[in-house]
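Below is one structure, written out as structure tokens, with a few remarks after it.
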Amino acid sequence: MSQYPPLGSVELRETRLVTAGSLGTWTLIYTVGSLGIDSGGQLKVARRMVSDWADPQFTDPQAPGYSTAVTNGAAKLRASWQPRGYIRPKTPSVVIDVYDGSLAPGDTVTITLGDTTHGAPGLRAQTYIESHFEFLVLVDPTNACDPRPLAESPTVEVVTAEMQTLVCILPSQAVVGQPIDIFVKGEDQWRNPTPAPIDVQYAWVGTGDVDIVDGQLIGRGAGQGYVTACVGAFSCRSNPLVIGERPPVRKRYWGDLHAQTGETVGVGTPDEYFTFGRAWGRLDFTSHQGNDFQITNEFWRQLNETTARFHQDGQFVVFPGYEWSASSPTGGDHNVFYRQEGHPIMRSSHWLVPEIPADERSPAHPADIFYSRIKQHVPLDEVLVCMHVGGRYANMRDYFDQALITLVELVSCWGVFEWMLWDAIDKGYIVGVMCNSDGHHGRPGAEGAGMAEFGIENGLTCVLAETLTRDAVFAALKARRCYGTTGPRILLDFAADETPMGSVLRTQSAVTLAASVTGAVALESLQLYAGRALIQEVRPPAFHNLSHSNHIRVSWQGSRERGRQRRVTWDGVVRTEGCRIEAAALFSFDVVADGITEQSATHIAFGSKTTGDRDGLDLVLEDASRGVLVFESAAGTVTVDLAELTDDMPRRAFDFGGVDMQVVVERYPIEVNTQTLALTQTVHPQPGKLTPYFVKATQVDGHMAWASPIYVDNRSHG
């Protein structure tokens, strides 16, 4: 019997502890197995498709990511990086072809990822923490184009980098005399959590009498404000908090309903996922949403057991669920949430679980068949179906079921998709708004953008529910009594004659709409829409007279298309003629790799990509009353005479096609301090029509919140 296993073995030379985002070298020493490797055979080293490890390259020995593959055997090797070198979810691969000879049992192949021998700086590790990152090694010894994984492949643990920021999170409401916990954590530059330093100093900024003792806040009187936390060189402010004399009828609870783990295309285990959401994301409610065509029956059973184990009414609400993941022409991505465990999964296909036989429930495809199967096998009061934009976008134009579909997801790490709401309005559908992460890095509630292809930070959903219980949160989502944000815990209220957001108000009489918002930072606007039409906008006083402001904001946004190739590359320059740039700062950038690459008094070069979101530059000019500003980008060019940015028209917008692709040049206040805005308006129902009204709030840092619409119905129901 050979001393070598048939496919061989591999060992990792370096330490198994890796700092997130660090440069390094990882050496895999593969020993050929008893089968040998024939000429035309292959080795592969695969990683997860969602990973943001830097891609290896094999051509420039002095450039980042340079890697090598050498052997002591009687053959030559050809190494390449292939983004589709293996099957989902471990698609990207180093592919090593064996040619001009064969490898015998006992020969070695040394694969050096991040080879620094010739001056290259190494290979950058992924930016997110992971307890078991695997270098999956596969071998095709027979030239059969059928690589098989080794019995065991090396793993490393990716750990957090040094703390870069301090984060403070509070509940959104408190009651006089009842203490609440102040949660503080550190984060590295990639948003991985680090333990908070000791001896954090707290202060209350706002109205009302407040005591802060041993990390708890106790309101002695009604008020509103936020907490500042400070330790050493680090400081931060919390989300806004309202302290009432008595509990509100409906409380605000925050959740991230949509992300997944290594059981499908993400990373980590469900236990790690839910633990992170509860402990570090500080979520009140969540769900696990794996792609249906990868979920085995065994994992579906285990997931239901896990959600039941982590769920605890009053502490942490967890819903079982999955993502129905059909192609966009046949319906696109839908999120399915069950109120409790024990309901079946109805897959769009069995593509990666072919061993599961078809039955009367699954596969359920296309979307109209899926809707029918859900209603056949699950009571309507036990299920929520929501429409999502991911790699595939939900095709609301061709598929919808009003009895089943409750919400549309306007924000995830894939981007900002306000057009989902426009689609629903155009089609006359009744939907609410949610925003989540669809995170694949195991960090629900604090996913972050990292260096991956997703593009932006995660959104959050706030429900207005009587209690933190499954029944109450599920009922609030079912009633569309919720709103979504691009991440901050903004306080947004919207009602019609005291009827809450998400309601359908059947009336022929005038209706008074009222909205208010308190931002996590200063606010830019609060807007009221009737369908697609903006009918009222409230801005802080700082925006009322801008004629003497030397602050110019240049921003760009949008997507190329609705589908997977939606990313827009805006790399370019902003330059001035006849005026000098005194200062420049990034506005609303998400990805660390993007930003300013070159700067002078008249010229700023930048790298930027958007997926529906907005990036920009805040410029302070020596004199912004004259001169010309030119925006030149891979996507197009605009020129603005700054003298034309007057109080009557302080903003110029330019359409760049695509999906909401736009460049905006505007005169902006030097400083904005307003953190609360409100509006009211009386509207008259349009005869014979269902009119959706909703509000949108925008902060000065670009973050946004959308209320679920209130639908005023003046149609005949006889």
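To get our numbering, take the position in the sequence shown, counting from 1, and add 515.
Cβ coordinates follow ideal geometry from the N, Cα and C atoms, glycine included.
Every value quoted in this text rests on a predicted model; they were computed, and no experiment measured them.
With burial defined as no fewer than 16 other Cβ atoms inside 10 Å of the residue's Cβ, what is the status of residue i: buried or exposed?
| i | result |
| --- | --- |
| C928 | buried |
| Q731 | exposed |
| T1125 | buried |
| S1024 | exposed |
| C660 | exposed |
| T1091 | buried |
| S566 | buried |
| D1156 | exposed |
| G736 | exposed |
| K559 | buried |
| I821 | First, the amino acid is wrong: residue 821 is Thr here, not Ile. By the neighbour-count rule (16 or more Cβ atoms within 10 Å), T821 is buried. |
| D1163 | exposed |
| L532 | exposed |
| G957 | buried |
| N754 | buried |
Which residue comes first and which comes last in the beta strand (DSSP E) that contains residue i?
| i | result |
| --- | --- |
| W815 | No beta strand (DSSP E) holds W815; the alpha helix (DSSP H) holding it covers 812-825. |
| S595 | 591-597 |
| S840 | 836-840 |
| T1152 | 1151-1156 |
| S1037 | Note that residue 1037 is Ala in the sequence shown here, rather than Ser. Careful: A1037 lies outside any beta strand (DSSP E) and carries neither H nor E. |
| R487 | With the chain covering only 516 through 1233, there is no way to say anything about residue 487. |
| S608 | 608-614 |
| L532 | 532-534 |
| R761 | Note, R761: premise wrong, no beta strand (DSSP E); not H, not E. |
| I552 | Run containing I552: none; DSSP gives neither H nor E here. |
| T1213 | 1205-1214 |
| G777 | From DSSP, G777 is part of no beta strand (DSSP E); its letter is neither H nor E. |
How would you write the range of the alpha helix (DSSP H) that residue i sits in, first residue to last?
| i | result |
| --- | --- |
| R985 | 985-993 |
| A1193 | Careful: A1193 lies outside any alpha helix (DSSP H), inside the beta strand (DSSP E) at 1191-1198. |
| G770 | First-last for G770: 766-771, but that is the beta strand (DSSP E), not the alpha helix (DSSP H). |
| W934 | 934-942 |
| R647 | Note that residue 647 is His in the sequence shown, not Arg. Here H647 belongs to no alpha helix (DSSP H); instead the beta strand (DSSP E) covers 645-649. |
| Y788 | 785-794 |
| I889 | 882-892 |
Please confirm whether residue i and residue j have their CB atoms less than 9 Å apart.
| i | j | result |
| --- | --- | --- |
| H773 | M949 | yes |
| S524 | A666 | yes |
| Y601 | S608 | yes |
| G1002 | H1218 | yes |
| G539 | G629 | yes |
| P959 | Y788 | yes |
| V1235 | R767 | In the structure displayed, the chain extends from 516 to 1233; residue 1235 sits before or after that span and is not available. |
| R562 | L651 | yes |
| V1215 | E1097 | no |
| Q739 | I758 | yes |
| N951 | V926 | yes |
| R1081 | G1127 | yes |
Could you tell me the alpha carbon to alpha carbon distance between residue i and residue j, rounded to whole angstroms?
| i | j | result |
| --- | --- | --- |
| L1043 | V725 | 34 Å |
| A909 | P894 | 23 Å |
| E760 | I695 | 14 Å |
| G1131 | A1099 | 10 Å |
| A874 | I860 | Note that residue 874 corresponds to Asp in the displayed sequence, not to Ala. Answer to the nearest angstrom: the Cα atoms are 11 Å apart. |
| A1220 | Q1196 | 19 Å |
| A918 | S887 | 11 Å |
| D1086 | G1122 | 4 Å |
| Q1051 | V1153 | 29 Å |
| T1112 | L1028 | 46 Å |
| W795 | T921 | 28 Å |
| R1021 | V900 | 24 Å |
| G963 | P664 | 32 Å |
| V459 | H1066 | The chain is shown from 516 up to 1233; residue 459 falls before or after that span and cannot be answered. |
| Q775 | R599 | 21 Å |
| N850 | S1140 | 50 Å |
| R706 | A991 | 30 Å |
| Q577 | T631 | 8 Å |
Rounded C-beta distance between residue i and residue j? I'm assuming under 8 Å.
| i | j | result |
| --- | --- | --- |
| A841 | H880 | 6 Å |
| V832 | R985 | 5 Å |
| V624 | Q557 | The pair is not a contact, with the Cβ atoms about 11 Å apart (cut-off 8 Å). |
| T709 | D553 | With a Cβ gap of about 50 Å, T709 and D553 do not count as contacting. |
| G805 | T779 | 4 Å |
| M678 | G692 | The Cβ separation is near 34 Å, so there is no contact. |
| V690 | E981 | Not really, about 14 Å apart at Cβ, beyond 8 Å. |
Could you tell me whether any Cβ in chain D is nearer than 9 Å to the Cβ of residue i?
| i | result |
| --- | --- |
| R1095 | No chain D is part of this structure, which consists of one protein chain only. |
Is the beta carbon of residue i within less than 8 Å of some heavy atom of the ligand MN?
| i | result |
| --- | --- |
| A961 | The ligand MN is not part of the structure shown, which contains no ligands of any sort. |
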